[in-house]
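Anchor point for the sequence shown: position 205 equals 205 in full-length UniProt numbering, and the numbering is continuous, going up by one each time. C-beta atoms are modelled at their ideal positions from N, C-alpha and C, and glycine is treated no differently. To start, the structure under review is shown below, and the notes come after it.
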Amino acid sequence: MIEGKLIKFYREKAGLTQGQLCEGICSATHLSKIEREITEYSGEITHLLSQRLNICLDDEFVRYHNLQQKLKLWHNTFVMQQSKESEILKEEIEKETLIQLPDFQVFYQLLSARYYLSNYQLETALLIIQNLQKNESSFSPQDRNMLKHVLGMYYFHNGQYRDCIQILTSIDQSQYNQFEYYYHLALAYHLIHFNIISYYYAEKVLDYFQKTLNVIRIIDTETIMLLQLNAKELHDFEETKERYEQLIRTCDTINEIDRKSKLLNNLAFELYRRKKYKEASELYKEAMKLMDEKVPHYLTALDGYINTCYKGKLLSNEILLELAHKGLRIAKSTKSYNWIFFELHLYQLNHEEDDYYHFIETTALPFFKNMGFTMLIEHYEKKLFHFYNRIGAVQKALDLANSYIQGRKSYYDHE
């Protein structure tokens, strides 16, 4: 029974009171009950009311159900990572007057927040989320859990990985059937280097994506699983390389350039960790050629390329300085925390050792600790520990030893 909702919607749109609309047709009390869908009514009454509103209820039913379907399809474009289709549906939905109906508003706003998150417009997404939170208590269980999912995604995009995990693990699985959130949990756990838990969630969501034939997300999930296999220890390289190359070929088949660039970056990193600097540098270059400089992953690849060329002595110091300045400029313009890495490159390339370690101590490590970047903390604490020992700063070295266990492998250098 949606006739009452439609009549109320068009009555208010026309600026009519209940009394004005129902005059000569029925009482205002009866119209009020029709609009609230708490009474029986004859088709003749709704026909007369719709005539006065100059609408055809049968046509409006079709529009209502079409819009309902479009919203579901729009949601599916996010899960399937279909950005072009998402843009088309967004435009169509925005043109539909019925989107203003209360029936659609919560779901529409949740999807709008997802849209802005997918386009890295975090501030706009957060405003929508905050407005939704004001009325969260009145939401259905499905919408309440979807809000948690969207908020978790916001935290993830904002680098708040522990907040992301906290909110996503509070989702009630019995009342929310969008198991895609397992993927975001796998990613968040990966980025704080809880590798076993990350692999667990990746395995769970892989089954879901396989059942729904979501090829793109299968690639993403298998990528996460590969990263976990090589996280703490170096996995068999031939198997690692073969699996990466298989995923890259799949990307070529479905013309997924963005994912191919990320896979090339990941494989380059595995080569770097194994001190195959020349091969790694070539893959980093290939990855960067496929990326727009404004996307976050470009800075990751550029950082890796500078590291590789510095360690492998593949480029002159002058060229590396130019690349580091470029990375710093892009990072600051895009408000990316990657500016820290490029600042470190500049200190290192300019042979400013004291400034390099002072920056690690006062800026880099506090930031990594605040964000929960476990592996980065271990990596830079190890560097700082050895520096303090070398210059005879015994107390500082002892202080660091409280949070650092001598002999741990660095994820970044595998030393």
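Asked                                                                                                             : Found
Cβ of Leu185 within 9 Å of any chain B Cβ                                                                         : In the structure shown, chain B does not exist; there is a single protein chain.
Same chain only: Cβ atoms within 6 Å of Ser50, ignoring 5 sequence neighbours per side                            : Leu57
Cα-Cα separation, His414 to Leu267                                                                                : The pLDDT assigned to His414 is 49, lower than 50, so where the model puts this residue is not dependable, and the model offers no usable value.
At least three beta-carbon pairs within less than 8 Å, the segment 175 to 186 to the segment 196 to 206           : yes
Opening and closing residue of the alpha helix (DSSP H) in which Gly24 lies                                       : Neither: Gly24 is in no alpha helix (DSSP H) and is coded neither H nor E.
Beta-carbon proximity of Ile171 to Lys148, cut-off 9 Å                                                            : yes
Top-ranked residue by Cα proximity to Asp207, from Glu180, His193 and Asn195                                      : Glu180
Three or more C-beta pairs below 8 Å linking the segment 36 to 56 and the segment 69 to 89                        : no
Residue environment, Glu247, which counts as buried when at least 16 other CB atoms sit within 10 Å               : For the sequence presented, residue 247 should be read as Leu rather than Glu. Counting Cβ neighbours within 10 Å, Leu247 comes out buried, since at least 16 surround it.
Rounded distance between the beta-carbons of Leu376 and Phe368, thought under 8 Å                                 : 5 Å
Alpha-carbon spacing of Gly327 relative to Tyr116, whole angstroms                                                : 25 Å
Alpha carbon of Asn145 to alpha carbon of Lys84, nearest angstrom                                                 : 27 Å
Met291 vs Ala301 beta-carbon contact at 9 Å                                                                       : yes
Limits of the alpha helix (DSSP H) - the one that Asn131 falls within                                             : Leu122 to Gln133
Limits of the alpha helix (DSSP H) - the one that Ala287 falls within                                             : Tyr277 to Lys289
Three-state secondary structure assigned by DSSP to His414                                                        : In this predicted model, His414 has a pLDDT of only 49, less than 50, meaning its place in the structure is not dependable; the value taken from the coordinates is given anyway. If DSSP states are grouped into helix, strand and coil, His414 belongs with coil.
For Thr308, the first and last residue of its enclosing alpha helix (DSSP H)                                      : Pro296 to Gly312
C-beta contact flag for Leu111 and His157 at 9 Å                                                                  : no
9 Å Cβ cutoff met for Lys70 and Glu44                                                                             : no
4-residue-minimum alpha helix (DSSP H) runs that sit fully inside the segment 184 to 244, ordered along the chain : 195 to 211 and 215 to 229
Environment of Leu213 [buried if 16+ CB atoms lie within 10 Å]                                                    : exposed
C-alpha gap between Tyr337 and Tyr155, whole angstroms                                                            : 15 Å
Proximal residues to Met225 (C-beta, below 8 Å), its chain only, five neighbours per side dropped                 : Tyr199, Ala202, Glu203 and Leu206
Through-space distance from Ile306 to His345, alpha-carbon basis                                                  : 8 Å
Close beta carbons around Val215, own chain, < 7 Å, minus the five adjacent residues each side                    : Ile254
Beta-carbon proximity check, Tyr277 vs Lys311, cutoff 9 Å                                                         : yes
Thr169, DSSP secondary structure in three states                                                                  : coil
Rounded straight-line distance, which links the Cα of Gln121 to that of Arg273                                    : 34 Å
For Thr253, three-class secondary structure by DSSP                                                               : helix
Residue interval of the alpha helix (DSSP H) (run including Lys8)                                                 : Glu3 to Ala14
Simplified DSSP assignment, three categories, for Leu80                                                           : Per the sequence shown, residue 80 should be read as Met rather than Leu. If DSSP states are grouped into helix, strand and coil, Met80 belongs with coil.
Cα-Cα separation between Glu3 and Ala14, rounded to whole angstroms                                               : 16 Å
With 16 other Cβ atoms within 10 Å as the buried cut-off, status of Val62                                         : exposed
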